[in-house]
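Here the structure is laid out as C-alpha cells; the discussion comes afterwards.
In full-length UniProt numbering, the protein residues as written are 1 to 668.
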C-alpha cells in the first residue's frame, strides 16, 4: 500500500475546522419539524448506520457477564509498578508495563488547543505570593516525576497546574476551582507524588516485598496510606487510579483504589500488599475505615477532595466529618488539605472553613462554573415526542465518533439505549442500577470503541475522561431542581478535554424553560451562537450577571463569619427539604457488596434526576441471537413497507462532512 494512502486513512474523519458550520442547517431542519426517524426494521436501519460508517451493534448478555465475576479483571487490580526492596532510590524501567501505561492508543492526550485553557483570567488569593510556573523543569519536581511527565507527553502545565503545583510544593492548603477538562487531576497528583518520592522510604509503612511473591494470610499488612483522595463516583476513582499508576512509575509509591460494587476481597488484598496512595469513593472508604486491621489513616499527609461540589451533599455531612478528621491522627500532625472542583457552592465553602488553614491558597481559573470555547455548543429545538427520532437523525448525519448521550433518569437510559440498539447503532449504557461488572464493561466498551455510543445519567459519568469523545448530546437538559446549569457544564466537559475540541448538542423544548436564562448566559460567555428560540431569554443590554453564589464570596474576606454560617445552615435545611421530594434510586441487587453499614455512593443515591419520566419502556436483552420481549409495554409498531429516508439532519452541502468514512478512517 502507498505510504501516503496509509497515512491518509489514519487521519480522523471528524474535522473540527468544518464543524463550526453545522448549527444553522441542523436548527433550521428541526425547527421546521422535518424529522425522518428510523425505518421499518432493525436490519434496514442497521444498514443505514453501516453506510454512514458506524460499526455493528454489540450484543450484551448481562446474565452471562455477571456470572463471570470470579474471572473478572477488575479495574482496581490493574498492573502497577511493584517495588523490589533491593532497588535503590529509583527503580529500573519495566518495558512491558511502560508500554501499557504510556503508549496505549486509548490514553487521553493533550490537544492542539491546550493554549486556549491558559487564556482564562486566573485569580489567586494567598498570604504568600504564588507565581505561575509555565515549564515543568522550573517547578522543582523530582527527576522521576519529570521523566513520567515526559512519558505522558504533557508538554507544559495547564493554567491551573501552573499555580496549583507551586502552592502544593510550598506546603500550603489549597482550594482550586477550574473548568472541567483543565488538568485538575494532574494539579494535585503531580506535586504530591513528587514531594513524597524522595521521602517514601522514611514515611511509608512497612510492607511485604511483593516482587518475591505474596500470600495475604502470611504477608498481608494493614494499609497506612500517605495520601487519601476522595471522589464521588466509581468511574472517576478508577480514572484517577490510572493516572496515579502512570505518575508513580519507577517509584516505591504504591497506589490503590477502593470503590463500591466490586468484590471487597480483591481490594483488601491490594491494600494489604501496601498502599501509599488511596483513591476511594466515600461508601467503600467508610467500610474499610471501620475495619481497623485493613486500613488506618494515621500516616495520611495529604487529603484531596476531588469534584467536591458534587460530594458535599447534606446527606453526607457526618460521613465527611469522619473522613476529613481521620487524617488528623497522623503521628506528627503535618497534614495538608486540597479541594478541587468546577464550581464553588456553599457546602464547599463551609467545609473549607472548617478544615483548611486560615492562610490556605484560593485559586480560580476563569469564572467558577464556566465553560471554555473549545466546545462548540449547539442548542436545537426538539419536540418532546420527537426527541428519539431527532437523536437517531443526529447520529446518522454526523461522522461516526465517540458520542456520549446524557439523559435524566435510569429508566430513560435503558429506553434510549434499547431504541438506538434496535435501530442498528453500536450503543452501550451506564447508570447506578447496573452491577459494577456491567458498569466497568460499559466503560471499557466505550473506551475501546467497541461501542462508540454510550448513554448515561449525568452523575454516573461525572469526571469521565475518555480519549476522543468528540460529541456530547444532552438528550435531556438538566432541570434547575437537578443540577441545572452546573450539571450542564459538567456534562459538556466530557468533550474537548485538556486542549482538545468537541461538540455539545443539546435538545431543547418548552419543558426546559427553567434553565433558559442560565443557558443563554453560558452561551454568550463562551461566544456561542444563540438560537432564535432562546433570544427572548437574552439578558438586557447583554449584561452577564451570574447568580451562582460563588463569585463574590470566593474572594470576599469581609463576609461576616456568623452571618455566613447562619446562611449555610438555612441553605442546608432548605436543601434537605428539597431532597425529600426527589425520587430515590432503588437498591442495587449487588452480590459483591458485603456491608450495608455505609450509604450508597453519591451517584447511586442521586441518579434518578427527574420526577417526570416516560412510561416504562420495553426491556430488551441484548442477547447474541435475538431480542427478547420481557412482556412490558411495547413500543410503537413500525410498518415493514416504510422506507428509511435520508436524515433531515444531514448538511445541505455534501462536502461539509465528506463521504461516509471507511472503517480505517473512523475517529476512534
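Glycine is no exception: its CB is placed at the ideal position from the N, C-alpha and C atoms.
Rounded Cβ spacing between residue i and residue j (contact assumed at less than 8 Å)
i, j, result
"residue 253", "residue 203", "Not quite, the Cβ-Cβ distance comes to about 10 Å (not below 8 Å), so this is no contact."
"residue 76", "residue 270", "7 Å"
"residue 337", "residue 281", "In fact, because the Cβ distance is near 18 Å, the residues do not count as touching under 8 Å."
"residue 128", "residue 360", "At roughly 11 Å, the Cβ-Cβ gap does not stay under 8 Å, so residue 128 and residue 360 are not in contact."
"residue 234", "residue 494", "Contact doesn't hold; Cβ gap of about 16 Å is too wide."
"residue 525", "residue 374", "Not really, about 14 Å apart at Cβ, beyond 8 Å."
Cα-Cα separation between residue i and residue j, rounded to whole angstroms
i, j, result
"residue 74", "residue 262", "7 Å"
"residue 142", "residue 250", "12 Å"
"residue 340", "residue 490", "14 Å"
"residue 219", "residue 298", "21 Å"
"residue 209", "residue 320", "34 Å"
"residue 398", "residue 523", "22 Å"
"residue 545", "residue 186", "31 Å"
"residue 487", "residue 428", "22 Å"
"residue 266", "residue 414", "30 Å"
"residue 46", "residue 496", "29 Å"
"residue 469", "residue 402", "5 Å"
"residue 182", "residue 44", "42 Å"
"residue 48", "residue 277", "49 Å"
"residue 246", "residue 81", "9 Å"
"residue 366", "residue 124", "11 Å"
"residue 405", "residue 453", "7 Å"
"residue 164", "residue 137", "15 Å"
"residue 286", "residue 190", "26 Å"
"residue 177", "residue 456", "25 Å"
"residue 379", "residue 507", "6 Å"
"residue 221", "residue 212", "15 Å"
"residue 518", "residue 537", "9 Å"
"residue 169", "residue 226", "16 Å"
"residue 445", "residue 540", "47 Å"
"residue 159", "residue 135", "11 Å"
"residue 663", "residue 272", "Below a pLDDT of 50, predicted positions are generally treated as unreliable, and residue 663, at 35, falls in that range; the measurement from the model is reported next regardless. Their backbone Cα atoms lie some 45 Å apart in a straight line."
"residue 323", "residue 264", "19 Å"
Range of the contiguous alpha helix (DSSP H) that encloses residue i
i, result
"residue 466", "That residue, residue 466, is in no alpha helix (DSSP H); it is neither H nor E in DSSP."
"residue 442", "436-447"
"residue 388", "387-397"
"residue 345", "Premise fails: residue 345 is in no alpha helix (DSSP H) and is neither H nor E."
"residue 148", "143-151"
"residue 90", "First-last for residue 90: undefined, no H or E at that position."
"residue 266", "264-272"
"residue 203", "200-203"
"residue 207", "Run containing residue 207: none; DSSP gives neither H nor E here."
"residue 190", "184-197"
"residue 160", "159-169"
"residue 530", "Careful: residue 530 lies outside any alpha helix (DSSP H) and carries neither H nor E."
"residue 282", "282-290"
"residue 520", "516-525"
Cut-off 6 Å between Cβ atoms - residues of its own chain near residue i, not counting five sequence neighbours on either side
i, result
"residue 133", "139, 162 and 166"
"residue 436", "261 and 262"
"residue 175", "339, 352 and 362"
"residue 388", "419"
"residue 512", "477"
"residue 274", "207 and 254"
"residue 473", "405 and 505"
"residue 223", "271, 275 and 295"
Limits of the beta strand (DSSP E) - the one that residue i falls within
i, result
"residue 255", "255-258"
"residue 403", "402-407"
"residue 339", "336-341"
"residue 486", "Per DSSP, residue 486 belongs to no beta strand (DSSP E); it is in the alpha helix (DSSP H), 484-492."
"residue 176", "174-177"
For residue i: DSSP bridge partner residues
i, result
"residue 427", "453"
"residue 508", "381"
"residue 303", "228 and 337"
"residue 413", "According to DSSP, residue 413 bridges with nothing at all."
"residue 223", "295"
"residue 277", "227 and 255"
"residue 125", "362"
"residue 502", "375"
"residue 471", "403 and 503"
Cβ-based neighbour list, residue i, same chain, cut-off 7 Å, excluding 5 preceding and 5 following
i, result
"residue 90", "144 and 250"
"residue 384", "509 and 511"
Beta-carbon contacts of residue i that lie in its chain and below 8 Å, excluding the five residues immediately before and after
i, result
"residue 515", "477, 478, 479, 480, 484, 485 and 488"
8 Å Cβ cutoff, residue i in contact with chain B
i, result
"residue 201", "Of the protein chains in this structure there is only one, and it is not chain B."
Check: residue i C-beta below 7 Å from any heavy atom of the ligand ATP
i, result
"residue 87", "Of the ligands one can find in the structure shown there are none, so the ligand ATP has no counterpart to examine."
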